[in-house]
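Structure, as structure tokens:
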Amino acid sequence: MTDSSNIPKLEHIPLLEGTTNALEWFRSMTQTLKAEGVWGHVEGVQDDLAAVWQASEPPPLTALSTNAQRQASTAWWIKDSRALSIIDRRLNPITQSLMPVGDDVTSRMVWNKLKSMYSRVDVHAQFDLRDRLAANKLRNASDYIRFLGEFNTCRSRLATMDAPLTEIESIHTLMRQLPHDTTWPHFKQSISHFVQTWSEIEATRDPPSPHNTLYTKVITRLEQECITLQAHSQPVSGPGTEYANLATIKKTSRNPLGVVCTNCGLDNHDFNHCWKKGGGAAGQWPGGPNDPKIASEPDTAAYLGDLSC
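Structure representation (structure tokens):
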């Protein structure tokens, strides 16, 4: 039997009451079993030597087993009993009565029984999570930490219900929740192009990239975009102060929304009207190489220098 004094305090894990708190219970129990070093008794594959948590199984015994083998088997059962005790102590009486019993019952058997009962939870919980994803909007660039935290939490919980979003579904949902003003339409267009290019390259890659590589890259680009927008934002000041003229960017025909250009960082035009390389109007300054008025005069354009915005 396992010494009860060695069993950790488990008050932080809620009693498993049913589908209402199954997600929270599995998450907390998983963390505890890993912290206690017995996660391999309930999850993992025995032959996967490269796994972070390799599965643990009792050493097989025969009439010819040595004392060392018998001691190893006894040690395994003691450790498995510890895992089983941790799980059993956080089940309500009704759930306990549904678990398999017997001297040869392992913690993995009980764990698999619980997963079969609760891991998919009910459809209503999945609908609730998808509603939360739809309602989660990025309010502005400084809101990205909260926004991504909520998004990743819902995505992770759907995965535990065996109803995961694919990378493409996750990215599509993420893009729909971004603002529709200022430079965001251009950012979403650039992400769409990036995802398309990535997908074409990935189709020929052998071996394929690790799972969630594309999603992680998109998240990184979103974080960088938000940080850049915050860096270019101007302090809000009241009228009459020395910063009053800096608080608002003047709206012009080349900058109708009064925003900072995300291509060159200047505020006298937006991205679509930027003449610099990479901008929406690259090379289209008066007399520039892409100026429609002199497109038919290559000899004259060849002598023009590189003009700035």
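When you read off a place in the sequence shown, starting at 1, and then add 42, the result is the number in my numbering.
Glycine included, C-beta positions come from ideal geometry on N, C-alpha and C.
As the structure is a prediction and not an experimental result, all values here were calculated from the model.
Beta-carbon contacts of residue i that lie in its chain and below 6 Å, excluding the five residues immediately before and after
i	result
residue 206	200
residue 304	225 and 313
residue 282	Confidence at residue 282 is low in this model, with a pLDDT of 47, below 50, so its placement is unreliable and the value that follows should be read with caution. No residues qualify anywhere along the chain.
residue 320	305
Residue i, DSSP secondary structure in three states
i	result
residue 208	coil
residue 254	coil
residue 194	helix
residue 297	strand
residue 126	helix
residue 57	coil
residue 99	coil
residue 133	strand
residue 173	helix
residue 74	helix
residue 268	helix
residue 156	helix
residue 325	coil
residue 167	helix
residue 283	Model confidence at residue 283 stands at a pLDDT of 44, short of 50, so the residue's coordinates are unreliable and nothing is read from them.
residue 317	coil
residue 292	coil
residue 278	The predicted model places residue 278 with a pLDDT of 48, which falls under 50 and marks its position as unreliable; any figure quoted below should be read in that light. Note: residue 278 maps to coil in three-state DSSP.
residue 83	helix
residue 105	coil
residue 309	coil
residue 3	Only positions 43 to 351 of the chain appear in the structure, and residue 3 is not among them; the question remains open.
Backbone CA spacing between residue i and residue j [nearest angstrom]
i	j	result
residue 224	residue 263	17 Å
residue 66	residue 56	8 Å
residue 26	residue 155	The requested residue 26 does not occur in the structure, where the chain is confined to residues 43 to 351.
residue 117	residue 210	46 Å
residue 301	residue 238	28 Å
residue 183	residue 271	6 Å
residue 284	residue 308	Here the model assigns residue 284 a pLDDT of 41, short of 50, so the residue's position is not dependable, and the following value carries that caveat. Roughly 21 Å separates the two Cα atoms.
residue 214	residue 168	18 Å
residue 180	residue 174	13 Å
residue 60	residue 83	23 Å
residue 186	residue 74	30 Å
residue 208	residue 258	13 Å
residue 311	residue 236	25 Å
residue 157	residue 68	9 Å
residue 140	residue 100	24 Å
residue 78	residue 119	15 Å
residue 104	residue 111	10 Å
residue 316	residue 76	54 Å
residue 195	residue 109	49 Å
residue 249	residue 326	43 Å
residue 138	residue 146	17 Å
residue 114	residue 106	14 Å
residue 280	residue 292	With a pLDDT of 49 at residue 280, under the threshold of 50, the modelled position of that residue is not reliable, and no figure is offered here.
residue 176	residue 273	28 Å
residue 192	residue 322	33 Å
residue 144	residue 170	39 Å
residue 275	residue 166	42 Å
Pick from the options that is closest to residue i, judged by C-alpha positions
i	options	result
residue 172	147, 143, 203 and 156	203
residue 268	292, 221, 98 and 177	221
residue 178	304, 197, 70 and 71	197
residue 52	102, 98, 61 and 127	127
residue 98	149, 275, 180 and 311	149
residue 86	153, 321, 247 and 101	153
residue 260	274, 136 and 190	190
residue 254	323, 212 and 160	212
residue 188	165, 219 and 320	219
residue 159	113, 136 and 147	136
residue 299	50, 227, 176 and 165	227
Close beta carbons around residue i, own chain, < 7 Å, minus the five adjacent residues each side
i	result
residue 80	121, 124 and 125
residue 266	none
residue 295	none
residue 71	55, 129 and 132
residue 217	230 and 233
residue 240	256
residue 242	none
residue 251	244
residue 134	57, 58 and 59
residue 246	none
Neighbourhood of residue i by C-beta, 8 Å cutoff - its chain only, sequence neighbours within 5 removed
i	result
residue 151	142
residue 287	Per-residue confidence for residue 287 stands at a pLDDT of 44, beneath the threshold of 50, marking its modelled position as unreliable; the derived number appears in the next sentence. Result list for residue 287: empty, nothing under 8 Å.
Heavy atom of the ligand PLP within 7 Å of residue i beta-carbon
i	result
residue 125	With respect to the ligand PLP, the structure offers nothing, as it holds no ligand at all.
Hey, which unbroken runs of the alpha helix (DSSP H) at 4 residues or more fall wholly within the stretch 213-245?
Along the length of the stretch 213-245, whole alpha helix (DSSP H) runs at least 4 residues long occupy 226-244, reported in chain order.
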